[in-house]
Amino acid sequence: MPAIVIVGAQWGDEGKGKATDLLGPHADYVVKYNGGNNAGHTVVIDGETYALHLLPSGILTPGVIPVIGNGVVIDLDVLFHEIDNLNARGIDTSRLLISANAHIIASYNRTIDKVTERFLGKRQIGTTGRGIGPTYADKMTRVGIRIQDLFDPSILRQKVEGALAQKNHLLVKVYNRRAIDPAAVVAELEAHAERVAPMVADTSLLLNQALDAGKTILLEGGQATMLDVDHGTYPFVTSSSACAGGAATGAGIGPGRIGRVVAVAKAYTTRVGAGPFPTELHDDEGERLRAAGHEFGTTTGRPRRCGWFDVPVVRYAARINGVTDIALTKLDVLTGREKVPVCVAYDVGGHRHDELPVSQSDIHHAVPIYENLDGWDADITGARTTADLPKAARHYVETLEEMVGTRISIVGVGPARDAVIQRHPILS
Ligand code: GDP
Ligand code: IMO
Ligand code: MG
Numbered sequence: 148m149p150a151i152v153i154v155g156a157q158w159g160d161e162g163k164g165k166a167t168d169l170l171g172p173h174a175d176y177v178v179k180y181n182g183g184n185n186a187g188h189t190v191v192i193d194g195e196t197y198a199l200h201l202l203p204s205g206i207l208t209p210g211v212i213p214v215i216g217n218g219v220v221i222d223l224d225v226l227f228h229e230i231d232n233l234n235a236r237g238i239d240t241s242r243l244l245i246s247a248n249a250h251i252i253a254s255y256n257r258t259i260d261k262v263t264e265r266f267l268g269k270r271q272i273g274t275t276g277r278g279i280g281p282t283y284a285d286k287m288t289r290v291g292i293r294i295q296d297l298f299d300p301s302i303l304r305q306k307v308e309g310a311l312a313q314k315n316h317l318l319v320k321v322y323n324r325r326a327i328d329p330a331a332v333v334a335e336l337e338a339h340a341e342r343v344a345p346m347v348a349d350t351s352l353l354l355n356q357a358l359d360a361g362k363t364i365l366l367e368g369g370q371a372t373m374l375d376v377d378h379g380t381y382p383f384v385t386s387s388s389a390c391a392g393g394a395a396t397g398a399g400i401g402p403g404r405i406g407r408v409v410a411v412a413k414a415y416t417t418r419v420g421a422g423p424f425p426t427e428l429h430d431d432e433g434e435r436l437r438a439a440g441h442e443f444g445t446t447t448g449r450p451r452r453c454g455w456f457d458v459p460v461v462r463y464a465a466r467i468n469g470v471t472d473i474a475l476t477k478l479d480v481l482t483g484r485e486k487v488p489v490c491v492a493y494d495v496g497g498h499r500h501d502e503l504p505v506s507q508s509d510i511h512h513a514v515p516i517y518e519n520l521d522g523w524d525a526d527i528t529g530a531r532t533t534a535d536l537p538k539a540a541r542h543y544v545e546t547l548e549e550m551v552g553t554r555i556s557i558v559g560v561g562p563a564r565d566a567v568i569q570r571h572p573i574l575s
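Residue numbers (our numbering): 148 to 575.
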């Protein structure tokens, strides 16, 4: 069985954690390949709610080997806090493996994330403030600290001193902050070395060996297509490759190993933070979606911006990621409406765009062209087959499938693990 990627089709929080949890029992490994603790995945199992940030959602599946790949950035304090919390709730985390090549979010990167945002003022991205952007920036400018550096005290000291030599100038002279003492940072990081050591591995080698042995690997994306640093609504994006292409790089396997790509899309759309969002609702309908869908961030608690389903966005995601299957989540949230608008194209200055415009300014100015589909009233949270859905709900799913041009294999009708309709088998 080849590798399977799970990727967000919109601006995050589509329910990737639940989709990973659903497919987890069929996998031998679940790998987080990008991002860090900017992610927040809520998974509900037997009435228990788990909020995961840095750990792959597969950590909740007995028997699966959870892996943090080289493409991830790791805040070690958060990692251990999350492990301790899960252990206290009886979840075994002892199989967790961490790539020796993953980068570390040092405390100065959190500081820089926050001061940079403040400095940007009205132009701020609305980051999660977890140090994600500055850590990936360090990786790209080759002054990052990797997990393997924790085990070589002399290298660690040199690297932290090197990184801070430049950053302290910035902090003091531009941001008017106090300089950071490299020795204190080294001490902070070294304090974690012993505990993390048994988890560290050549995860790329292990994953390739596992694929050779016919094992199944689930590659779990954080964030989403529209937040991807290359393909999202730049600069209002995160700093990693959240798309399926990033799964190969971020896990250290060849792209040819990937057999299926599952895009998770909400039956409507949400976004946290700044940036364009054509179908955003600023009225009572938006409030209603937020309330019904409990649309508040898992990581920062911020209210999520809400809007209708945007077909060109999800069709774009299908194209960019080579999507084979869609998991459409939160259909239940749309219950109780006479009509459900769906954005089928945009009007930009009098010109119709059927696809997502390539120009960022056009996306900012895009006015959605809606088609109003019939709504439904009946509670659908108990539906387990397509036949259990009211005709209008079934029609909604079938219409989106046709418009996006990719089969919808899973439909979510509630937060619980079993609140799904499987329309097509993903793993055969
Ligand atoms: P992720 O970041 O993509 O994993 O998504 P989040 O966990 O941040 O947000 C998705 C939220 O929707 C979580 O609270 C899930 O428990 C919840 N959820 C997932 N699927 C469904 C569904 O089909 N219906 C409802 N009502 N909630 C869902
Ligand atoms: P999951 O995995 C939704 C958003 C932030 C901000 C932008 C950049 O739960 O879907 P960052 O801290 O990454 O530099 O912030 O990206 N963002 C997310 N929005 N879900 C996420 O993750 C997100 N991770 C980052 O709100 O706009
Ligand atoms: Mg989330």
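Ideal Cβ placement from N, Cα and C applies to all residues, glycine included.
In the DSSP secondary-structure assignment, A474 is bridged to V411, I557. Here G278 really is in contact with D222; their C-beta atoms are around 7 Å apart, less than 8 Å. Within the same chain, and ignoring the five residues on either side of T471 in sequence, the residues whose Cβ sits closer than 6 Å to its Cβ are R407, V408.
Rounded to the nearest whole angstrom, the CA to CA distance from G291 to D526 is 51 Å. For the alpha helix (DSSP H) assignment, the uninterrupted runs of no fewer than 4 residues enclosed by the stretch 272-339 are, from N- to C-terminal side, 279-287, 300-316. It is roughly 12 Å from the alpha-carbon of I251 to the alpha-carbon of V343. DSSP places S246 inside the beta strand (DSSP E), whose first and last residues are 244-246. At a cut-off of 7 Å, the beta-carbon of L267 does not count as near the ligand IMO: no heavy atom of the ligand is closer than that.
By the neighbour-count definition (other C-beta atoms within 10 Å, threshold 16), K486 is an exposed residue.
In the three-state reduction of the DSSP assignment, I568 falls in the strand class, which pools E and B. Minimum Cα-Cα distance from V220 among the listed residues T167, V480, N248, I510 corresponds to N248. Relative to the ligand IMO, A371 has its C-beta within less than 7 Å of a heavy atom. The C-alpha of V376 lies about 31 Å from the C-alpha of E337. Note on the stretch 232-267: whole beta strand (DSSP E) runs with a minimum of 3 residues are 244-246, in chain order. The three-state secondary structure of Y180, taken from DSSP, is coil.
In this structure the stretch 503-520 lies against the stretch 477-495, because at least three pairs of beta carbons, one per stretch, are closer than 8 Å. Around the beta-carbon of P149, fewer than 16 other beta-carbon atoms lie within 10 Å, marking it exposed.
Inter-residue distance for Y176 and R325 is about 44 Å (C-alpha atoms, whole angstroms).
Cβ neighbours of S351 within its own chain (closer than 6 Å, five residues either side excluded): G399. The alpha-carbon of D509 is positioned some 36 Å away from that of K314.
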